[in-house]
Structure formats: structure tokens, C-alpha cells
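Participant: Sharing a structure here in C-alpha cells format.
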Ligand SMILES: Cc1ncc(C[n+]2csc(CCOP(=O)(O)OP(=O)(O)O)c2C)c(N)n1
Ligand SMILES: Cc1ncc(C[n+]2csc(CCOP(=O)(O)OP(=O)(O)O)c2C)c(N)n1
Ligand SMILES: [Mg+2]
Ligand SMILES: [Mg+2]
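Chains as they are written, first to last, in the working numbering: chain A, 1135 to 1457; chain B, 1135 to 1457; chain C, 24 to 351; chain D, 24 to 351.
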């Protein structure tokens, strides 16, 4: 158990995890009700990873979260308003209606880099940020995420190799959620643990329980500390399970139900809340209040986002190029 | 020491290694004299790898040799005539003057697949051949080669992973010659042995002395035997040294001379010849005769290739598409 | 024998796969999520997966460069892999295996690379910049590839049969907005649509539209609309982009004296530029008006409905151009 | 102050790097073999490597996709990486990092990606199909990129300065046959050649050649040749391909009434198609002859001297077209 987390940090984490889950659930519900636009992703089950890793970063550090990392965007300060407005293609969304769902949620004022679909393109981009910090001798680190599926991609390996040989302050959290879309991990690779891919490049590697937010937080914080000391990149394999389909349209019938119920027991959000109740940091009442706050916040965001205007097509050709 | 090599095989290997070296030297000399066309590569120092690996293959097996693997092309039956004619852009060259130096030296009747410059594109191609053998339940294997530089490329990893998950009969020999063009291995990667990259994908891995033709032969033969038994792919890291520049124009001033002289001691061709003399399979006289045979063969090839006609531009647009 | 039974565009593709895998044991399917009970992101390979199983319908890890590269090797060994890239947008990930290896091999040393890449392309369905692309121009510019883009269920089947039988690498762009929205007659059996032959989708005498893929239908709508105003529009559905049936195009323009090129891909240096340039050169004496082009805007494809709609060519845009050109 | 001192095309590029790295500490160089005592396959980065060392001139492993991707991240952090791909042919290996990430980022969320890729392109020097390519059309078709292709030492320097200072991803195609064979005046100092402005390389009144890169020189040779026969040729060196200075092109064609488009890249769906299509549309009323295009053949670029020579556009080919078009 982490020594670096004080009570208020622990409560903060509980808030971010619950907010993440509440917003995620709300998005799923809206889309099922036909109130969505296009497709969208759920990160249900990934909250300990996205929140834990994001929470371990300093304000000056750069993050490049992916499609299961709603929690990381939130922790880093992207408001539910702007996220939801983006998903609904609204003018006030992060991309002004130009990119879909969680794609492209970049905001340099928050040190968040947006992603493209082509996986794992955020890995070298985060590495480049890390190399920029080295170049300028700044004590900053860059964090990004990759799936089990992405860990097969050549770019995953090229990035780890380059990070290692440059000794760059990069942290890669692999969200091993057992599936890449419909493809189970044993049809994707012939290894048991993705962490062995760190050793292939001379990168420090570690496995953590991806449903334990403190385990993730601690591992990422330690990796960041090492990186700031000039000890180079780290890969953290966080084992978890994707609890819904690949995207909203996907019922994931190909996933054995037993696997899901097994992992449901380890739900990262309720697990953390129960722990804080056990530790006495939350009471059933304060927990209920926290959950209600999250609901209110998400409801307000939905109201805002649904009312927000769509973008005006007149501006469609501006901004292809930076001035 | 291999038990599978009888005396005649050992003598054959001596012949192929010497022929490779003699042809390589002759090409270097021709190009320096201005009798070449475009650039070209030397595989000096790689003869044990290219000959040893090629010699371990059966006639039905498929090979996809690279730019340092002159020996493999020769062992597989591509004549010095056709190779030299190709390098000189002649109509009788393997590619009819369409591709340069060792590029594109493919001949399906010899089960040789040609390569393109984009490294390591031959790896997935060889894998595809191996998957075709699996598909048709044929006891054939596919062999290809990659450099230390190539082992950083994403495609190297994608191929190994796919080979492992498909359990395909693929053998990859990594020719770790310490340099990728001017870049020494420690500027390319942060690991000591490339073989660790096999483990990242669940591929069997082994290190061999790349200047010991029998070590290479044995390792490849064993890998092929395993692959034919359905035990999947192997990676063999053969450690060696590139004894000349990256290509003909490159003086390799960036390579410490001490490194070259150290490796010169281990010259794979003379080492094998000396061993056969020691073993009594060759005498100084029969060795001299063998070397002379090689010289004659290469001289005849040069004469043939230099006299051979250039291609007629009239046919230039034919054959872009297969009928 | 219902020769005129109707199928969706998607089912027509699925039927071609079934037919050809039944006919030829060398044909196999590979790609992300194509196999198992799942059968592909769009379920195009569901029927072949159910019927032929994992030996012939192979799930691949998310490594397009390697699995198209492996298809190169399989094809050289005489197999005929039909590859699905999950969205046409991801074909860029496999670029080297396509444009450097597959495209050049026969020319260089005679190795034949008979694969097909099925690329679900095109937008209009709110999928954003990375699930809506029409990247055919990159491949039409690359010697050694063939490129086809069916607009109808009949051609979706017929061109896929032809592409699989072709001894060269063929990139087959299927228009995903048509998957379930378009239904049409599809011949039973295994007759292929020849590659390199355009189709006159509508006859007319005043102006020729040259188009392919989903904009064939937008063009027909526009032609119908201006037809009511007395403008007679010929619509050519190119079907094959490389090789391209320029004879049919030029004959039509010789007749009409006017040409409008339409495609869903963005305009700048798109395939439409090639078509317009050919017409401008070869039909110079026939032209009564400039050759115009309509395509997507030269911007990444935006997601939000008002933006995506403004991005895309509409029947209204086409009709407006037709009116202008005819009164030139 | 020798404002008119002459440099080779290669030295002009090297000088631009020196100037800009001296001026701006955010500029750095990266690529295969660019650093150390070696200084690049063509030695273009030798001087900056010697002067600025490994902190600012970084050798990369042979992983183009990752190091261009890393340049995306560096650029987002405000650095200005100048990337060398060893040959333009290898730019396809980095395709996703360029066309998917770099090209779309500013449009989507406002992140600016100010890098330059230096791509040594073009052939004629017996380098075979994989060291002779001219792949600019792929990038001209991609919204969000800028593409330049200098033909002279002065522009080699000036456009590189402009490209480095530009806040967008710029692909800079340098013509390697010109590296040491072409010498010309290069201004001292740090004045940039503006991106998007063509140059009239030769004035004339009978016909306009629109070209860029090495074929500017072939065109000038042809113009000179037919000039002796009384044909007055205007040669436009586009310099920038995206954005493209169509005004200059159209003004010239309005004057001459005839246009020939020439480039080294293969013709089908090449950049020349876009140029021809624009002229055909916008200068329709001005044209006295069809717009013709010359480019490489639509085949992989062959190695052997007679084949490569037949593949490439020659001054003789250009002159023949000029004669034909002028007597149209
Ligand atoms: C290069 C590329 N190919 C295909 C896709 C389509 N696709 C989107 S997500 C996905 C699976 C990703 O799996 P994983 O990396 O494990 O992440 P997860 O979605 O499980 O979190 C696929 C195949 C893609 N985004 N990028
Ligand atoms: C994708 C790609 N990028 C760059 C090059 C240019 N290049 C040719 S060989 C080479 C070095 C290869 O090193 P290695 O793999 O170690 O093989 P070696 O030449 O040492 O045998 C480079 C960078 C290339 N061929 N392919
Ligand atoms: Mg996953
Ligand atoms: Mg090497």
C-alpha cells in the first residue's frame, strides 16, 4: 500500500473513479437511447488504470490517454462538459465537432495530447514529448497507454526501443484487458505476460493488478520518479478486463460470461470505495454523497452538452494549417 | 561439432564459402575499377551465416536472403553468371536489369524470394510462405535473414509475434554485424543480445558464433527440424562483423580499426579451410585447387556478364502485371 | 432460378467470398476479427467463417504491415489471400507491404502476388476522420497494383470474384455507407465483372458524369433531378480505377461534349484529377465546357453532422454543377 | 559581401540547416546516420553534426515510423525537428505518422506540428526501384501537409528555411541527382523563399511548361532547344506543390494558351494530373491546345541504364511535346 497517498488524495481518487464510472455509464445509456452521435467507447473496468496513472502525474507532465482512459482525461482537468460536447459533435467540444468520441481530445494547456485511431500512434508521440523534455533538460515525464492488441504492433516495439536507447522519460501503461476487439489474447500472441516485451528493449518492466488503483498509482509514480532521475523509460503491464463490448455497437457475445462475472467481483471502483469505507475515510453516507455529486455533475454535463449548439459548417475549412 | 555433416558436405561448404568470398572480392574490385553499375554490397565476414544457413535447407524449403547473403543465393543454385549479370543490369540477370545489385534476386524455381530495400520486408514474406506450408500441410520451412538494424524495426516484431501465434515453420537468422550502416549497435538499442527479442514473442531463440559455419548450420538445421515437427518458429542470433563498408561507396571510417582487426582473426572462410586441413579433409594442394576453381568460375562469370547484352528498352512496360 | 433476386451490397460481397472459397481451396480470408463466431467488424466474413472455420478464415493480430506482408508470401506460394483491413483508413498501416513489395514484385523478378485487400471505405455515417477515408488515389498512383471500387451489389460480387482470380494484388474499395442501405439484383453463380471495364449507369446526351463508389448513386439522383429540367445526363460508373477504362469515358464525352468528375475522396490530387486530365487532353476538341471536378473538401474528414455533410459531395452539389456546365 | 557566390544544391541545403540551427535552439536534426562523424548518407548533415554534436543531430535506429512519430511529439512540445529519411523511398515506412497523425492534428484539436521531413528523391543515377522514387503525389493528396520541391540551390536553401519556420508539417523533396551536379547563386543570410509561390524560371509567350524539381532543368534545356526554332517557352518552377500557386500558372497559360506539365514522378494520378485538371478547368477559354503531361512511365523504376533512361522524361521528350503542341 502506497505511503505517498494521504487521506485527501485517497478521497480524490475515489471521486475521480466514481466520476469516470458515472460518466461512462451515462454515455452508454445515452447512446443506447439513440441520443448519441456515431459510435463510442466504454472504459468500464479500466478506471483504476486511467485514474491511478493520471493521478500519479504532475501538472507539467504530459499525458496521451487512449480510448479506454476517460478517467485520465478527467483527472487531468478535461471537464465532463467538454468531453460530452465532443462526443455529441458540438461546437464547444474539445475538437469543435471535428473528431469523434474520445479521439482527438488534446489540449496543450492541460498537457493532454489527443490520439488518432491508428494504434499505437500515441506511443511515439508521447516519446517525442519525453525527448523534448530531455532536450530542454526539464524534469518532466510523458505517460501514455496501449492495449494488449497494440503491444503486437510494430510501432509499440519501435517506440520502446527508441525510448530505451534515448533513455527518455517515458512511461507506457499497457492495459491488458484480454481482448483486442473480438480477438482473445491467445489468438494475438504466444506469450503469457506482455511485460516480457519491456526486456526485449531494455526497458524497466512491471506487472500490476489493473483493478487496484493504488497498485497502478504506485507503479506509475515510481516509474516517473526513476524517469525524472534520468533512469529512463518504464513499461507497466496492468492486467484487467474490458467489461463491455469493444464499442457501443458490440455486444461482445464472444466473451465467455464466466470471465466477466469473475472480473465483476474485482470491480475497481467499488473495490476502492469499499476499502476507504473499511479504512474509515468514507462512511456509507459520505460515499453516497460523493456518488450523488458525481451523478449531479454528469447530469449537468449532459444538459450542457445536449443544449450546446452544433458547429457552423461555415468554418469547416479553417484550421487545417496552423498560422 | 555437427554430427550431420559428412566429409563431402564439409567440402561442399568449403567450396561455397570460398566461391562466395571470391565472387564478393571480385565484385568489389570491379566496382572500384569503375566496371560496376550503381552501388553494390559486400557480405564479407557473413559467409558462414549465409552459406551455413542456406546449406541447412532442403530443396523444397524456401529462402528469402538479404543483401549480405550472397552465399545463400549461391548455395541455393543461383549461378554467379546470373548474379553478376544482374548487378551489371544485363538482360540475362535475374531481374533482366530491372532491379539493382542483390535486390530482387527471386527465382521461384529455386525457391528463392527476392527482397526489396524496405527492411525487413522479407520477414513477413517468408512467414507467409511458412504459413502457406502449414495451410497445405507440407513439411517445408521458410528461412530468412535480418540485420541488427532490422531487429529494431516494428515489422521484425510483428512478424515474430505472428509467426509464434500461428506456430509457423519460420526461421529467422539475425546477422548481428555490430552496425547498421554507420550506426553502431549501442546507438541502435539498449540491449546486449538481440536474441532476447525472441522471448518477447514466444519464439525459440539461440545465439551462435556467426563466423563458425558449422555452428550456424547446426542451429538452423535444428530449428528446421523443430519447425517440421510442428514446433514453430525460431530466431538465431549469429554474431559477426561487417568487414567492409555498408556499401561500395562507404569507407566505413566510423568503424574502429581495432574492431576490424580483431574480427579479421576470426575470418569465417579461412577458419573453415584451416579446420578442414587440420581434419585432413583438405591438403594445402587440394585447398589451392579449390580456391583456383572458384577463381576460374568467377572469372568466367565476369566474362559472361560483361559480354552479356543490356536489356532492350522496348520491353520496359511489359510484366508490370502478371497475366 | 431467380437470376434477379436482390441482395444488399454487403451480402453480395459475402456471397462472392462464399462462392470463391467453395470453388478454390487456395482462397483464404485473413484480417482483424474476421473469424470465429464474430465474423468481422461489419460481419462481411461471418458466413465464410461459419462455413469454412479458422483454417481458412484467420484472425490476425493488429499488425497490418505484417499480415499483408505474410499475404505477399502466401500469394507467392500460390495461395489467394483475401485480406480485410478493418477500415480503409488502416490500409496506411500496411503501406510498405502493398506499395513496395506487392506492387513491384512481378515486374522485378516475375513473382506473382495474387491477393485482394478489401478496404471498407467512405463516410457519411458519423465515423470521424479515421473511419471514413477514401484513400484510393495513393494506390492508383502506384504502378503494379490494381484498384477497383464497386458501386452496386452486382459489381460488389462480380468485381470481388474477378479480383480474387486476378494474378495481381488488387485493392478492392467497398463503400460502407452502401452496405445495408443499398439493395439490388445480383446474379447467382460465379460470373465475374471484368476488371478495367466501366459501366454506363445511365445514358444521356448533354453531359457525362464520371464517378465510382457511393457517388454513383448521388450522381444518379442528381441526373434524375436535372433530367426533369430537360438536361440529359450520362453517368459512367468506372468500377475499375486502375486499370481505367478511358475509352468508355472518352466515347461518352465525345458524344456529350461536357464532363463532370465526381468522387467521395478529397479533391486535390485525387483520382478525379487523373480523369479530368485525361479528358482534357484526349477529348480537347470535343469539349464545349471545362471539365469540372467535385470531391470531398481538402480537409481531414470531420465528424459532426453539419460538418460531415458540408464536407461531402451531395446530389445538390452535383446538380448545381450540371446546370452550370450545360449552360456554359 | 558576395551575394552571388555559387553553391551546389547540396551545400545550399546544408547551409540552410546551419543557419537555422544557429538562429533557433529549438531546431534539431534526426534520422538514420545523420550524426556523428558520418553526417548522413549524402553528407547533407555533416556540417551541422560537426558543429552542433549529438544533442542536436540525433542518429535514429532504423525505425522511421517511430522517429517521425517522436518528431510529432517533439513538435507538439515546440521543437522544430528536421528529419532526414535516408531516401524518399523510405518515407512510406513512416506513412501513418505523417498522413494520419501529423497531417490531421491541427485541424482536430489545434496542436501544431512544425517539423520538416527532408526526402532525397528522384533518380537517373542507377539506384534502382527503391532508391529513385518520387512519391510526392501521396502527400499532395493528404490535407494538412505542405509539400515543397526546390529546383535550384537558392530555393533549396530558401525553401528549407521557410519549411523549418512553418508551423506545419512540411515534406521537403530534394532532388538527389542535383546534389553535386547543380551549382548556382545562393544568397547569404537567412531569407526564406515563401512557401506557395511559384517562380518563372524562363519567360516566354508561346507555351507554358509547369514543372518542379529536376525536370525544371530538363524543361529549360528543351525550351532552349526549341527556342532556336522560334518557339518561345515559359517555364514555371512550382517550388511548392501544396499549397500550389495556381494563379501564376493560370496567368501564364492565359498569356500563352498552351500548357505542358512535366515531372519526374510516374504519370498516372501524379501531381501533374492535378495541375492539368486545374488548367483544363480554369483556363478552358484560354487554351489553344490540349494540356499534355509528361512523367515517368507507370512502372516500377528500373535500374539498368537503357531502362532507366527510357523510364525518365528527357529534354528530347519535352521538346517533342512542345513542338507538337505549338503546331496544334
Ligand atoms: C492500426 C489499427 N488497426 C486496426 C484498428 C481497429 N481497432 C480499433 S481498437 C482495436 C483493438 C485494440 O485492442 P487493444 O489494443 O487491446 O485495446 P482495447 O480496445 O482492448 O483497449 C482495433 C483492432 C486500429 N484502431 N488501428
Ligand atoms: C525501412 C528502411 N529504412 C532505411 C533503409 C536504408 N538502409 C539500408 S541498409 C541499412 C542498415 C541496415 O542495417 P542492418 O539491419 O544491421 O543490416 P546490415 O546492412 O548491417 O547487414 C539502412 C539504414 C532501409 N533499407 N530500409
Ligand atoms: Mg485489449
Ligand atoms: Mg547490421
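We treat Cβ as the ideally placed atom computed from N, Cα and C, and that holds for glycine.
1. Name the chain D residues that come within less than 8 angstroms of residue 1454(B), Cβ to Cβ?
2. Does any CB atom of chain C fall closer than 8 angstroms to the CB of residue 24(D)?
3. When you compare the CB positions of residue 176(D) and residue 35(D), do they come within less than 8 angstroms of one another, or not?
4. Comparing the C-beta of residue 11(D) with each C-beta of chain B, is any distance below 8 angstroms?
5. Please work out which residues of its chain come closer than 8 angstroms, Cβ to Cβ, to residue 1142(A), disregarding the five sequence neighbours upstream and downstream, and give them in chain order.
6. Closer than 7 angstroms to a non-hydrogen atom of ligand 1 - does that hold for the CB of residue 1291(A)?
7. Any beta carbon from chain C within less than 8 angstroms of residue 190(D)'s own beta carbon?
8. So that I know if they touch, is there some Cβ in chain B lying closer than 8 angstroms to that of residue 1310(A)?
9. Could you name the residues of the region 1289 to 1320 of chain B whose beta carbon sits closer than 7 angstroms to any beta carbon of chain C, in the order they occur along the chain?
10. Run through the DSSP bridge pairs and tell me what residue 196(C) is partnered with.
11. Can you find a heavy atom of ligand 4 that lies under 7 angstroms from the Cβ of residue 1376(B)?
12. Which residues, in order along the region 85 to 99 of chain D, keep a beta-carbon less than 8 angstroms from a beta-carbon of chain B?
13. In the DSSP assignment, find the beta strand (DSSP E) that holds residue 66(C) and state where it starts and stops.
14. Here's the rule I'm using: 16 or more other beta-carbon atoms within 10 Å means buried, otherwise exposed. How should residue 1349(A) be labelled?
15. Is residue 1268(A) close to chain C, meaning its C-beta is less than 8 angstroms from at least one C-beta of that chain?
16. What are the partner residues of residue 206(C), as DSSP defines its beta bridges?
17. Which residue or residues does DSSP assign as beta-bridge partners of residue 191(C)?
18. Looking only at its own chain, which residues have a Cβ that is under 6 angstroms from the Cβ of residue 37(D), when we skip the five neighbours before and after it?
19. Examine chain C for any beta-carbon lying closer than 8 angstroms to the beta-carbon of residue 130(D), and answer yes or no.
20. The beta strand (DSSP E) with residue 231(C) in it runs from where to where?
21. From residue 1308(A) to residue 1220(A), what does the alpha carbon distance come to, in whole angstroms?
22. Can you confirm whether the region 111 to 122 of chain C touches the region 116 to 123 of chain D when touching is taken to mean that 3 or more C-beta pairs between the two stretches lie within less than 8 angstroms?
23. With a Cβ-Cβ cutoff of 8 angstroms, do residue 1259(B) and residue 95(C) count as a contact?
24. Could you tell me if the beta carbon of residue 1351(B) falls within a distance shorter than 7 angstroms of some heavy atom in ligand 3?
25. Return helix, strand or coil for residue 1342(A), following the three-state DSSP convention.
26. Can you tell me whether residue 1452(B) is buried or exposed, with buried defined as 16 or more other CB within 10 angstroms of its CB?
27. Could you check if residue 179(C) belongs to the surroundings of ligand 3, using beta carbon to heavy atom distance under 7 angstroms?
28. Alpha carbon to alpha carbon, how far is residue 1298(B) from residue 1114(B)? Give it in angstroms, no decimals.
29. Got a sec: does ligand 4 put a non-hydrogen atom nearer than 7 angstroms to the Cβ of residue 1281(B)?
30. Closer than 8 angstroms, Cβ to Cβ, to anything on chain D: give me those residues from the region 1247 to 1265 of chain A, in chain order.
31. Along chain D, which residues have their Cβ under 7 angstroms away from the Cβ of residue 1364(A)?
32. With 16 as the cutoff for other CB atoms within 10 Å, does residue 191(D) come out buried or exposed?
33. Take residue 1370(A) as the anchor and find which of 1357(A), 1362(A), 1377(A) and 1363(A) has the nearest alpha-carbon.
34. State the start and end residues of the unbroken alpha helix (DSSP H) segment that holds residue 1295(A).
35. Let me see if you follow: with CB-CB separation under 8 angstroms, is residue 116(C) close to chain A or not?
36. Using the rule of at least 16 other Cβ atoms within 10 Å of the residue's Cβ for burial, across every protein chain shown, is residue 24(D) buried or exposed?
Facilitator: The short version:
1. 321, 322 and 323
2. At residue 24(D), the pLDDT of 46 sits below 50, so the modelled position is not reliable and the matter cannot be decided from this model.
3. Pairing residue 176(D) with residue 35(D) gives a Cβ-Cβ distance under 8 angstroms.
4. With chain D covering only 24 through 351, there is no way to say anything about residue 11(D).
5. none
6. no
7. No, residue 190(D) lies away from the interface with chain C (no Cβ there is under 8 angstroms from its Cβ).
8. no
9. Against chain C - using a Cβ distance shorter than 7 angstroms - the residues of the region 1289 to 1320 of chain B are 1289, 1292, 1293, 1295, 1296 and 1299.
10. 142(C)
11. Taken from the Cβ of residue 1376(B), at least one heavy atom of ligand 4 lies inside 7 angstroms.
12. 85, 86, 88 and 89
13. Note, residue 66(C): premise wrong, no beta strand (DSSP E); not H, not E.
14. Classification for residue 1349(A): buried.
15. no
16. According to DSSP, which records beta bridges pairwise, residue 206(C) is partnered with 31(C).
17. None, per the DSSP bridge assignment.
18. 67 and 70
19. For residue 130(D), the answer is yes, since a Cβ of chain C falls inside 8 angstroms of its Cβ.
20. 230 to 234
21. When only Cα atoms are considered, residue 1308(A) and residue 1220(A) end up about 26 angstroms apart.
22. yes
23. yes
24. no
25. strand
26. exposed
27. If you check the C-beta of residue 179(C) against ligand 3, you find no heavy atom less than 7 angstroms away.
28. Since the displayed chain B opens at 1135 and closes at 1457, residue 1114(B) lies outside it and no answer follows.
29. yes
30. 1247, 1248, 1250, 1251, 1252, 1255, 1257, 1258, 1259, 1260, 1261, 1262, 1263, 1264 and 1265
31. Neighbours of residue 1364(A) on chain D: none; closest Cβ ~15 angstroms, over 7 angstroms.
32. buried
33. 1357(A)
34. 1288 to 1300
35. yes
36. A caution first: residue 24(D) carries a pLDDT of 46, below 50, which makes its placement in the model unreliable, though a value can still be read off. Counting Cβ neighbours within 10 Å, residue 24(D) comes out exposed, since fewer than 16 surround it.
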